[in-house]
Amino acid sequence: MNNSVALAKKKSAKVISITSDENSHLAALSDLTIQVKNSKFVNNSRFVNSQFAITYALDIIAAMLLENADYRDQMNRTIDLITDNKLGRHA
Numbered sequence: 000m001n002n003s004v005a006l007a008k009k010k011s012a013k014v015i016s017i018t019s020d021e022n023s024h025l026a027a028l029s030d031l032t033i034q035v036k037n038s039k040f041v042n043n044s045r046f047v048n049s050q051f052a053i054t055y056a057l058d059i060i061a062a063m064l065l066e067n068a069d070y071r072d073q074m075n076r077t078i079d080l081i082t083d084n085k086l087g088r089h090a
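One point on numbering: in numbering that gives the first Met the number 0, the residue at position 19 of the sequence shown is 18, and numbering is uninterrupted.
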């Protein structure tokens with residue numbers, strides 16, 4: 000994955016990462032890092048892992064983006080297209 004990020008950086012792309020390791024190579028390559036907590040500090044293999052924290056962060060980002068009417072309209076068009084195709088309806 001870091002090769003893809005390095006290539007994106009060479010192409011002048013902005014990179015935003017969501018990670019639990021602020022000292023990772025991915026974080027170092029990123030323009031913005033959203034740090035989430037992980038369960039490495041808990042000595043219990045059945046403890047909830049960091050995927051929930053990542054999903055929560057993505058939900059917050061999506062909710063913020065959908066406050067923009069253009070993004071919300073585009074999402075609704077995408078959902079309509081997917082739903083129509085699933086139900087066998089084609090525009």
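The beta carbon of each residue, even a glycine, is placed where N, CA and C say it ideally should be.
With contacts defined by Cβ atoms closer than 8 Å, Ala56 and Ile33 form a contacting pair. Here the C-alpha atom of Ala5 lies approximately 7 Å from the C-alpha atom of Leu28. Spanning the alpha carbons of Phe51 and Lys10 requires a straight line of approximately 32 Å. Going by DSSP, Leu57 is part of no beta strand (DSSP E) but of the alpha helix (DSSP H) stretching over 50–64.
A Cβ-Cβ distance of about 14 Å is found for the pair Asn37 and Ser16, leaving them out of contact under the 8 Å criterion.
Within the DSSP secondary-structure output, Leu31 pairs in a beta bridge with Ile15.
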